[in-house]
Amino acid sequence: MEAARALLGQAETDVQRARAKRALWLKAWENLLEARSAFAANDPAATIAHARRASDLAQLGLEQLAYPAVK
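The numbering of the sequence shown is my numbering, which starts it at 157 and goes up by one.
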């Protein structure tokens, strides 16, 4: 459960960083909410899966900022 708690904390940080730069994707937010729910339900496997996905999508949102806007 400690690994789930750590990954959930990392996902929270990643999503907040993406949100601050206005690069947050809806799917990242949805996965963070699912990770929170899974953690509350004491389901570490689901928490880890959703938290990893939320972090990955938040990182992709931030990386997208480096690309030019669509014409």
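C-beta: ideal position from N, C-alpha, C; glycine also.
Nearest-angstrom Cα distance between residue i and residue j?
{"i": "Ala159", "j": "Ile204", "result": "8 Å"}
{"i": "Leu163", "j": "Ala207", "result": "6 Å"}
{"i": "Tyr223", "j": "Ala167", "result": "23 Å"}
Looking at residue i: is its Cβ nearer than 7 Å to the Cβ of residue j?
{"i": "Leu259", "j": "Trp181", "result": "Look at the range of the chain in this structure, 157 to 227, and you will see that residue 259 is not part of it."}
{"i": "Ala210", "j": "Ala184", "result": "yes"}
{"i": "Val171", "j": "Leu188", "result": "yes"}
Assign residue i to one of three DSSP states: helix, strand, or coil.
{"i": "Arg173", "result": "helix"}
{"i": "Lys183", "result": "helix"}
{"i": "Pro224", "result": "coil"}
{"i": "Asp199", "result": "coil"}
{"i": "Arg161", "result": "helix"}
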